[in-house]
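Protein chains in written order, with this note's numbering: chain A, 14 to 355; chain B, 14 to 355. Backbone N, C-alpha and C fix where the C-beta goes; we use that ideal spot for every residue, glycine too. Note that the structure is predicted; figures quoted are calculated from it, not measured. Okay, so here's the structure we're looking at.
There are 2 protein chains.
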Amino acid sequence: MPVTLKDVAAAAGYSVTTTSRALGGYDDVNEQTRERIITVARELGYQPNMLARQLQAQRAETIGLVIPQAAHQPDDDFFSLLMKGISYVASQHQFDLLISSQLTPQDELRAYQRIAGGRRVDGVIVARTMHDDPRIAYLQRNNYPFVVSGRSAPDEPDDFPFVDADSESGIRQVVAHFIDYGHEHIGFISSPPELAYTPYRLAGYQHALADADLPYREDYVAHGDMQQESGQKAAADLLARHPQMTAIVASNDAMAIGAMAAVQAAGKQVGVDMALGGFDDIPLARHITPDLTTVRQPIYRIGELVAEMLIQIINGEPPEQTGILLEPKLIIRASSGQPLAI
Amino acid sequence: MPVTLKDVAAAAGYSVTTTSRALGGYDDVNEQTRERIITVARELGYQPNMLARQLQAQRAETIGLVIPQAAHQPDDDFFSLLMKGISYVASQHQFDLLISSQLTPQDELRAYQRIAGGRRVDGVIVARTMHDDPRIAYLQRNNYPFVVSGRSAPDEPDDFPFVDADSESGIRQVVAHFIDYGHEHIGFISSPPELAYTPYRLAGYQHALADADLPYREDYVAHGDMQQESGQKAAADLLARHPQMTAIVASNDAMAIGAMAAVQAAGKQVGVDMALGGFDDIPLARHITPDLTTVRQPIYRIGELVAEMLIQIINGEPPEQTGILLEPKLIIRASSGQPLAI
DNA sequence: TTAAGGCTCCGAAACGTTTCGGATTACACA
DNA sequence: TGTGTAATCCGAAACGTTTCGGAGCCTTAA
Numbered sequence: 014m015p016v017t018l019k020d021v022a023a024a025a026g027y028s029v030t031t032t033s034r035a036l037g038g039y040d041d042v043n044e045q046t047r048e049r050i051i052t053v054a055r056e057l058g059y060q061p062n063m064l065a066r067q068l069q070a071q072r073a074e075t076i077g078l079v080i081p082q083a084a085h086q087p088d089d090d091f092f093s094l095l096m097k098g099i100s101y102v103a104s105q106h107q108f109d110l111l112i113s114s115q116l117t118p119q120d121e122l123r124a125y126q127r128i129a130g131g132r133r134v135d136g137v138i139v140a141r142t143m144h145d146d147p148r149i150a151y152l153q154r155n156n157y158p159f160v161v162s163g164r165s166a167p168d169e170p171d172d173f174p175f176v177d178a179d180s181e182s183g184i185r186q187v188v189a190h191f192i193d194y195g196h197e198h199i200g201f202i203s204s205p206p207e208l209a210y211t212p213y214r215l216a217g218y219q220h221a222l223a224d225a226d227l228p229y230r231e232d233y234v235a236h237g238d239m240q241q242e243s244g245q246k247a248a249a250d251l252l253a254r255h256p257q258m259t260a261i262v263a264s265n266d267a268m269a270i271g272a273m274a275a276v277q278a279a280g281k282q283v284g285v286d287m288a289l290g291g292f293d294d295i296p297l298a299r300h301i302t303p304d305l306t307t308v309r310q311p312i313y314r315i316g317e318l319v320a321e322m323l324i325q326i327i328n329g330e331p332p333e334q335t336g337i338l339l340e341p342k343l344i345i346r347a348s349s350g351q352p353l354a355i
Numbered sequence: 014m015p016v017t018l019k020d021v022a023a024a025a026g027y028s029v030t031t032t033s034r035a036l037g038g039y040d041d042v043n044e045q046t047r048e049r050i051i052t053v054a055r056e057l058g059y060q061p062n063m064l065a066r067q068l069q070a071q072r073a074e075t076i077g078l079v080i081p082q083a084a085h086q087p088d089d090d091f092f093s094l095l096m097k098g099i100s101y102v103a104s105q106h107q108f109d110l111l112i113s114s115q116l117t118p119q120d121e122l123r124a125y126q127r128i129a130g131g132r133r134v135d136g137v138i139v140a141r142t143m144h145d146d147p148r149i150a151y152l153q154r155n156n157y158p159f160v161v162s163g164r165s166a167p168d169e170p171d172d173f174p175f176v177d178a179d180s181e182s183g184i185r186q187v188v189a190h191f192i193d194y195g196h197e198h199i200g201f202i203s204s205p206p207e208l209a210y211t212p213y214r215l216a217g218y219q220h221a222l223a224d225a226d227l228p229y230r231e232d233y234v235a236h237g238d239m240q241q242e243s244g245q246k247a248a249a250d251l252l253a254r255h256p257q258m259t260a261i262v263a264s265n266d267a268m269a270i271g272a273m274a275a276v277q278a279a280g281k282q283v284g285v286d287m288a289l290g291g292f293d294d295i296p297l298a299r300h301i302t303p304d305l306t307t308v309r310q311p312i313y314r315i316g317e318l319v320a321e322m323l324i325q326i327i328n329g330e331p332p333e334q335t336g337i338l339l340e341p342k343l344i345i346r347a348s349s350g351q352p353l354a355i
């Protein structure tokens with residue numbers, strides 16, 4: 014039904030080859046012929062079949078991103094922002110973006126195989142890296158172009174291109190800031206152990222304490238799943254067990270906001286009786302009351318950088334540096350409260 | 014370099030046809046043969062080339078979405094939410110989502126032509142409809158499957174599948190709510206005239222006034238571009254010109270939040286000296302202080318419905334109803350303030 | 001007069017699948 | 001012995017492009 018090159022060729026009275034070359038701008042076709050062919054093509058409303066073209070060119074001009082189940086909450090900002098950064102850069106390079114949402118981790122790996130192995134995309138972006146991430150193993154093994162938003166865990170090789178914010182430094186900054194304010198009993202709400210950045214963030218907490226000669230107490234660390242509710246539960250738990258605690262740092266903003274609710278539910282006031290800090294600086298952090306002290310991770314920018322690197326790799330221009338570690342910035346807001354009187 | 018069906022066939026000692034049929038689960042191949050072929054395919058790490066498959070099947074199992082420049086602000090929630098709804102449903106039906114970000118409206122139309130005309134996707138979703146939208150004209154003319162998130166303007170035909178929230182009813186509800194609270198001088202920050210829903214929202218404002226026998230004053234209407242700053246400017250303008258104004262309704266939440274800033278800058282207090290209402294109920298509306306009275310438009314749900322309809326159409330099952338108009342829900346929050354004393 | 005070269009054009013192959021329409025073999029049955 | 005049938009396999013065409021390698025013709029120069 015759709016009009017093909019063959020139709021245009023027939024209507025114009027030339028071969029398919031010449032028609033293709035005329036439309037393609039080659040100079041071995043007579044100018045009048047070209048004009049005639051272009052006219053006919055336009056009249057017929059010819060649109061080249063991208064699939065056929067890509068198959069022949071062995072190139073899709075497309076990058077892929079697989080979105081995990083976990084990012085499906087309507088209020089998860091991380092992937093939305095990352096995607097905007099990616100798609101903006103992609104569009105500048107005339108690339109499209111293929112999104113494959115998947116509901117289970119197994120589906121996720123299969124999606125990468127289908128998409129990258131099936132040549133639907135020229136390269137993929139891997140986000141939310143896990144410990145021993147099978148996706149990275151697969152992509153490396155098959156030599157498919159990819160860039161990681163995130164990093165591998167400290168005990169793993171990181172011989173692949175990635176862009177990440179420095180988790181260790183980020184958490185260290187918030188904790189140091191609270192120590193600076195005079196806090197000595199600071200709780201930490203950690204992320205799930207399977208996430209690759211978890212050890213870095215925990216190390217940031219530990220190092221900040223060590224720098225100030227404060228003891229690291231394992232019972233000051235609670236665990237959440239990055240969702241708001243888990244932060245609330247973790248904070249409630251910490252408060253109940255350690256009434257002397259005056260500050261809590263969470264591994265991300267969502268959990269910090271959950272913690273806010275827990276603090277208020279315990280009859281304490283955030284920024285007065287209890288200092289609170291997060292990580293990410295999602296848009297909400299600025300708008301909630303009291304607004305949240307956090308560490309700004311430039312997610313949109315990371316998306317841009319990741320896409321930039323991937324397209325370079327696809328184009329056969331390996332980027333100068335394979336691993337980019339961005340320094341996150343401490344943003345002090347009302348949830349810090351005032352320095353404690355001594 | 015990648016392993017193809019031909020490689021598997023050669024390694025297994027069968028023809029390409031048999032190999033294809035073995036892998037495809039057809040019953041005219043001997044069970045032992047099938048097992049042998051499957052084993053070989055696995056050993057070689059065979060991944061079918063999706064492009065070739067799609068070309069042959071004349072079907073991409075993919076739906077397309079073009080993201081306009083306007084949605085590129087990191088804090089634009091609308092498209093992020095819509096996309097999550099779409100991609101969730103798409104994944105349930107084993108469809109992928111092709112995103113094409115475009116920077117100018119002309120590029121946008123070209124992107125639809127490339128994507129739909131070029132058979133990269135089986136159907137597309139059109140969002141943020143304009144007056145006399147050329148994308149809809151193009152898609153209709155070429156009989157490409159598509160569903161619109163939004164609606165055509167009141168003076169245009171709407172003989173195509175769409176899902177939209179009832180803009181007229183939504184704005185009417187907020188305005189009526191303020192009238193109910195005793196306000197008589199209510200301003201309106203309208204959306205740009207080229208957007209298809211603008212006349213509906215304006216009509217909602219007018220009808221609510223008429224229902225209460227309040228006069229419609231054209232100078233009570235300001236215009237914005239849906240961005241936060243424009244709402245701030247529009248509100249500042251209204252406040253300066255009409256000191257008697259006690260309430261402002263904006264065409265979307267972003268502009269209402271901008272208006273909040275303007276009201277505060279004018280030394281007035283939102284929810285006390287000035288009632289404020291928006292439209293959308295973006296996540297921020299709930300978290301800002303004071304939290305914003307608005308009309309909830311189920312964007313995520315609209316994305317789901319739109320995708321559901323599109324996939325039905327692609328599968329040749331025309332949906333029972335072509336136009337779905339969702340009733341938005343008034344959400345009363347602190348920015349409404351208290352009913353005025355009479 | 002002929003060879004060389006430039007200008008236009010085109011047939012066929014290739015990209016990697018799926019599918020249509022047989023072909024071959026073995027076996028049972030008349 | 002010949003025929004029908006089921007089981008198993010395969011060649012070739014098709015999807016719509018691009019590209020390789022030439023072919024034909026006309027002009028120019030030796």
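Query: Residue interval of the beta strand (DSSP E) (run including A:Ser162); Result: Phe159 to Ser162
Query: Residue span of the alpha helix (DSSP H) that contains B:Leu18, given as start and end; Result: Leu18 to Ala25
Query: Min CB distance B:Thr307 to chain A below 8 Å; Result: no
Query: Own chain partners of B:Ala347 with C-beta closer than 7 Å, once the 5 adjacent residues on each side are dropped; Result: Gly284, Pro303 and Asp304
Query: Cβ distance (whole Å) where B:Ser180 is taken to contact B:Tyr210 below 8 Å; Result: 5 Å
Query: In chain order, each alpha helix (DSSP H) run of at least 4 residues that lies wholly inside the segment 140-191 of chain A; Result: 147-154
Query: Proximity below 8 Å, CB of B:Ile270 to CB of A:Asp109; Result: no
Query: Chain-order list of residues whose beta-carbon lies under 6 Å from that of B:Pro174 (same chain, five-residue window excluded); Result: Val160, Met322 and Thr335
Query: Counterpart residues of A:Asp250 in DSSP-defined beta bridges; Result: DSSP lists no partner for A:Asp250.
Query: Extent of the continuous alpha helix (DSSP H) run through A:Arg309; Result: No alpha helix (DSSP H) holds A:Arg309; the beta strand (DSSP E) holding it covers Thr307 to Arg309.
Query: Test: B:Leu111 CB closer than 8 Å to a CB of chain A; Result: yes
Query: For A:Ala278, the nearest candidate out of A:Ala253, A:Arg123 and A:Ala354 (CA to CA); Result: A:Ala253
Query: Within-8 Å CB hit, A:Ile80 to chain B; Result: yes
Query: Residues in the segment 51-65 of chain B having any Cβ partner in chain A nearer than 8 Å; Result: Gly58, Gln60, Pro61, Asn62, Met63, Leu64 and Ala65
Query: Secondary structure of A:His85, DSSP reduced to three states; Result: helix
Query: Alpha carbon of B:Arg299 to alpha carbon of A:Ile295, nearest angstrom; Result: 15 Å
Query: Through-space distance from B:Thr142 to B:Ala274, alpha-carbon basis; Result: 29 Å
Query: Assigned secondary structure, B:Asp109 (DSSP; H/G/I helix, E/B strand, else coil); Result: strand
Query: Integer-rounded CB distance, given that A:Ile337 should sit under 8 Å from A:His106; Result: Not a contact, Cβ separation roughly 18 Å.
Query: Member of A:Lys281, A:Asp266 and A:Leu116 whose CA lies at the smallest distance from the CA of A:Gly259; Result: It is worth fixing the name first, because residue 259 of chain A is Thr in this sequence and not Gly. Minimum Cα distance to A:Thr259 is reached at A:Lys281.
Query: Selection of the segment 85-98 of chain B by Cβ proximity to chain A, strictly under 9 Å; Result: His85, Gln86, Pro87, Asp88, Asp89, Asp90, Phe92, Ser93, Leu94, Met96, Lys97 and Gly98
Query: Bridge partners - A:Ser114, DSSP secondary structure assignment; Result: A:Ile80
Query: Range covered by the beta strand (DSSP E) that runs through B:Ile202; Result: Ile199 to Ser203
Query: Sequence-distant residues of its chain with Cβ nearer than 6 Å to A:Leu215 (five each side left out); Result: Ser203
Query: CB contact below 8 Å: A:Pro9 versus chain B; Result: Residue numbering for chain A in the displayed model covers 14 to 355; residue 9 of chain A lies beyond these limits and cannot be assessed.
Query: Chain B residues whose Cβ lies nearer than 8 Å to that of A:Tyr101; Result: His85 and Ser114
Query: Nearest residue (CA-CA) to A:Gly291, options A:Ala223, A:Gly136, A:Pro332 and A:Phe191; Result: A:Phe191
Query: Length of the line joining the Cα atoms of B:Glu242 and A:Tyr39; Result: 49 Å
Query: Span of the beta strand (DSSP E) around A:Ile295; Result: Note, A:Ile295: premise wrong, no beta strand (DSSP E); not H, not E.
Query: Near-chain B residues of the segment 129-160 of chain A - C-beta to any C-beta below 8 Å; Result: Gly130, Gly131, Arg132, Arg133 and Asn155
Query: Rounded straight-line distance, which links the Cα of A:Glu207 to that of A:Pro10; Result: For residue 10 of chain A there is no data in the structure shown, the boundaries of chain A being 14 and 355.
Query: Simplified DSSP state of B:His236, which is helix, strand or coil; Result: strand
Query: Selection from A:Tyr59, A:Arg55, A:Leu116 and A:Leu68 that minimises the alpha carbon distance to A:Ala7; Result: With chain A covering 14 to 355 only, the question about residue 7 of chain A has no answer from this structure.
Query: Exposure of B:Lys246, with buried meaning 16 or more beta-carbon neighbours within 10 Å; Result: buried
Query: Chain-ordered chain B contacts of A:Gln67 [CB-CB under 7 Å]; Result: Leu64
Query: Reference A:Tyr194; option with closest CA among A:Ser28, A:Thr46 and A:Gly350; Result: A:Gly350
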